[in-house]
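Visitor: Take this structure first; my questions come after.
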Amino acid sequence: MKPSSRSSDGKRFLLSCLTFILFLCALASINEIRFDSFLRFGRCAFSDVPSHNSSSQTSSHASSNATSDDLRILIGILTLPDQYPRRHFLRLVYGTQSPVGARVDVKFVFCNLTKEDQKVLVALEIMMYDDIIILNCTENMNKGKTYTYFSSLPEIFNSSESDKPYPPYHYVMKGDDDTYFRLDNLVQSLRPLPRQDLYYGYVIPCSSMDPFVHYMSGMGYLVSWDIAEWVRESDIPKNHLEGPEDKVFGEWLRDGHKAKNRFNAKWSMYNFPVPPSGCTHELWPDTIAVHLLKTQEKWIQTLQYFNVTSNLKPSKLYHIP
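First residue of the sequence shown? That's 125 in our numbering, and the numbers climb one at a time after it.
Right under this line is the structure:
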């Protein structure tokens, strides 16, 4: 073979090798792009899957070990739209509690907004915390607000979706914004109790220990979900709305022959020790709720007694003696 022919064949061989190498590089690049796009698609798909704990960090206080079989409790704190500082304070109080094996949602409940500033500020709260229920009523204390609260819950929370548990809450509570609830103690006290036809709280009058004689104090009383549904459906509450709301609620249950299961949480629930009365005693460790915390000083004294900041982690960012 002539030298020129061998040289030409060599050039063709080198050109063929170079072309093959370029083809491999191009193929690898295409596959890499496709794989990276697939990964990005996968991340987007999984990031859009809704979490089972979709409520905000302040309105849902749930153990990381909580399952669908654990207790679900709603605490509705009846307050007023303009009570912004109180709500922010209570978010701190309840947002740092983590009851084990239960989902406890704390919501702030009031009637329709009436001022332009409320429409902006309350809307911002909802966007940030998602822990507010606005009832379709005119703001009041003893003219039906409690009825509107309990009767609205089934409409708000019942769902036809098969993946949602029923009942949405085993228990629902009405609480005052001057009451401090210790959520873990509340959960532990509820565990052995029936989840049907239950009425739970602090028996009035203060001297009584019999939950079947009178009614539960408005500081905070709790009923099972079926009673909330009964309040919505029955004519008994609708025809008797006015009067001291806690007393009226007890009369509904009496007239409707409801709440065959009752639990008196006295003396784990009580009024703040000062001023002393028949409804008070000293703070003690087994407390579920302390009522009549009307001043910042009383709140601080109560929180200090229960050492609520004991889990504060040391850090170079601050020094708190």
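No residue lacks a Cβ here, since even glycine has one placed at the ideal position from N, Cα and C. None of the values given here were measured: they were computed from a predicted structure.
To which residues of the same chain is residue 384 closer than 8 Å at the C-beta, ignoring the five residues directly before and after it?
Guide: In the sequence shown, the residue the question calls residue 384 occupies position 260. The residues are 321.
Visitor: DSSP on residue 212, reduced to helix/strand/coil?
Guide: On the sequence shown, residue 212 is found 88 positions in, with the first residue counted as 1. DSSP places residue 212 in helix when its eight states are reduced to three.
Visitor: What would DSSP say about residue 315, mapped onto helix, strand or coil?
Guide: Within the sequence shown, numbered from 1, the residue matching residue 315 stands at position 191. Note: residue 315 maps to coil in three-state DSSP.
Visitor: To the nearest angstrom, how far is the alpha carbon of residue 435 from that of residue 379?
Guide: The residue labelled residue 435 in the question sits at position 311 within the sequence shown. The residue labelled residue 379 in the question sits at position 255 within the sequence shown. Distance between the alpha carbons of residue 435 and residue 379: 47 Å.
Visitor: May I ask you to list the residues that DSSP assigns as paired with residue 395?
Guide: One-based indexing of the sequence shown puts residue 395 at position 271. Per DSSP, 404 and 415.
Visitor: Out of 324, 302 and 195, which has the shortest C-alpha to C-alpha gap to residue 426?
Guide: Residue 426 sits at position 302 when you count from the first residue of the sequence shown. If we check each option's Cα against that of residue 426, 302 comes out closest.
Visitor: Looking at C-alpha atoms only, which residue of 272, 357, 217 and 240 is the closest neighbour of residue 233?
Guide: By one-based count along the sequence shown, residue 233 stands at place 109. The candidate whose alpha carbon is nearest that of residue 233 is 272.
Visitor: Any idea what DSSP makes of residue 276, helix, strand or coil?
Guide: To locate residue 276, count along the sequence shown from 1; it is residue 152. Here residue 276 sits in helix by DSSP.
Visitor: Given a threshold of 16 other Cβ atoms within 10 Å of its Cβ, counted over all protein chains shown, does residue 248 qualify as buried or as exposed?
Guide: Along the sequence shown, one-based indexing puts residue 248 at 124. Flag for residue 248 reads exposed.
Visitor: If you check the beta carbons only, do residue 382 and residue 327 fall under 7 Å apart?
Guide: One-based indexing of the sequence shown puts residue 382 at position 258. One-based indexing of the sequence shown puts residue 327 at position 203. Contact: no.
Visitor: Take residue 437 and list the residues in its own chain whose beta-carbon comes closer than 8 Å to its own, dropping the five residues that flank it on each side.
Guide: Your numbering for residue 437 matches position 313 in the sequence shown. For residue 437, where only same-chain residues beyond five positions count, there are no Cβ hits under 8 Å.
Visitor: Considering only C-alpha positions, which residue in the set 398, 312, 319 and 349 is nearest to residue 423?
Guide: Within the sequence shown, numbered from 1, the residue matching residue 423 stands at position 299. Measuring from the Cα of residue 423, the nearest candidate turns out to be 398.
Visitor: Measure the CB-CB distance between residue 299 and residue 199 and report whether it falls below 7 Å.
Guide: In the sequence shown, residue 299 corresponds to position 175, counting from 1. In the sequence shown, residue 199 corresponds to position 75, counting from 1. The answer is yes: Cβ separation under 7 Å.
Visitor: Span of the alpha helix (DSSP H) holding residue 372?
Guide: The residue you call residue 372 lines up with position 248 of the sequence shown. Counting along the chain, the alpha helix (DSSP H) containing residue 372 begins and ends at 369-379.
Visitor: Looking only at its own chain, which residues have a Cβ that is under 7 Å from the Cβ of residue 208, when we skip the five neighbours before and after it?
Guide: Working through the sequence shown from its first residue, we reach residue 208 at position 84. Taken in chain order, the residues that qualify are 245.
Visitor: Alpha carbon to alpha carbon, what distance is there between residue 266 and residue 367?
Guide: In the sequence shown, counting from the first residue as 1, residue 367 sits at position 243. In the sequence shown, counting from the first residue as 1, residue 266 sits at position 142. The straight-line gap from Cα to Cα measures roughly 5 Å.
Visitor: Where are the beta strand (DSSP E) runs, 3 residues long or more, that stay fully inside the segment 324-373, in chain order?
Guide: 344-348, all fully within the segment 324-373.
Visitor: Can you say whether residue 240 is buried or exposed, counting buried as having 16 or more other CB atoms within 10 angstroms of its CB?
Guide: Position 116 of the sequence shown holds residue 240. Classification of residue 240: exposed, given that the 10 Å Cβ count is below 16.
Visitor: To the nearest angstrom, report how far apart residue 176 and residue 287 are at their CA atoms.
Guide: As a first step, residue 176 must be located in the sequence shown, where it is residue number 52. As a first step, residue 287 must be located in the sequence shown, where it is residue number 163. The pLDDT assigned to residue 176 is 34, lower than 50, so where the model puts this residue is not dependable, and the model offers no usable value.
Visitor: Under a three-way DSSP split, which group does residue 250 fall into?
Guide: As a working note, residue 250 is residue 126 in the sequence shown. Reduced to three states, the DSSP call for residue 250 is helix.
Visitor: Considering just the uninterrupted stretch of the beta strand (DSSP E) at residue 298, what are its terminal residues?
Guide: Taking the sequence shown and counting its residues from 1, the one referred to as residue 298 is at position 174. Start and end: 295-300.
Visitor: According to DSSP, what are the bridge partners of residue 200?
Guide: As a first step, residue 200 is located in the sequence shown; it is residue number 76 there, counting from the start. Looking at the DSSP assignment, residue 200 forms a beta bridge with 231 and 298.
Visitor: So, helix, strand or coil for residue 281, using DSSP?
Guide: Counted from its first residue, the sequence shown places residue 281 at position 157. Helix at residue 281.
Visitor: Using C-beta distances below 7 Å, list every residue in its chain close to residue 276, excluding the 5 sequence neighbours before and after it, in chain order.
Guide: Sequence index remark: in the sequence shown, residue 276 carries index 152 (1-based). So the list reads 259, once near-sequence residues are dropped.
Visitor: Suppose the cutoff is 6 Å on Cβ atoms and the five residues either side in sequence are ignored; what does the same chain contact list for residue 413 look like?
Guide: As a working note, residue 413 is residue 289 in the sequence shown. Excluding sequence neighbours, residue 413 sits near 303, 305, 344 and 393.
Visitor: List the endpoints of the continuous alpha helix (DSSP H) containing residue 424.
Guide: Taking the first residue of the sequence shown as 1, we reach residue 424 at position 300. Looking at the DSSP string, the run of the alpha helix (DSSP H) that includes residue 424 is 420-429.
Visitor: Please report the distance separating the alpha-carbon of residue 243 from that of residue 227.
Guide: As a position in the sequence shown, residue 243 is number 119, starting the count at 1. As a position in the sequence shown, residue 227 is number 103, starting the count at 1. Cα to Cα, residue 243 sits roughly 29 Å from residue 227.
Visitor: Are residue 402 and residue 370 close, meaning C-beta to C-beta below 7 Å?
Guide: On the sequence shown, residue 402 is found 278 positions in, with the first residue counted as 1. On the sequence shown, residue 370 is found 246 positions in, with the first residue counted as 1. No, the Cβ-Cβ distance between residue 402 and residue 370 is not below 7 Å.
Visitor: Can you tell me where the beta strand (DSSP E) with residue 264 in it begins and where it stops?
Guide: Translated into positions along the sequence shown, residue 264 becomes position 140. Here residue 264 belongs to no beta strand (DSSP E), and DSSP marks it neither H nor E.
Visitor: Short of 6 Å in beta carbon distance, which residues of its chain neighbour residue 356, apart from the five on each side in sequence? Order them along the chain.
Guide: Counting from 1 along the sequence shown, the entry for residue 356 is found at position 232. These residues qualify, in order along the chain: 275 and 278.
Visitor: Can you tell me whether residue 347 is buried or exposed, with buried defined as 16 or more other CB within 10 angstroms of its CB?
Guide: Looking up residue 347 in the sequence shown gives position 223. Burial call: buried.
Visitor: First and last residue of the beta strand (DSSP E) that includes residue 388?
Guide: Here residue 388 refers to the residue found at position 264 when the sequence shown is read from its first residue. 385-388 is the span of the beta strand (DSSP E), which, as asked, contains residue 388.
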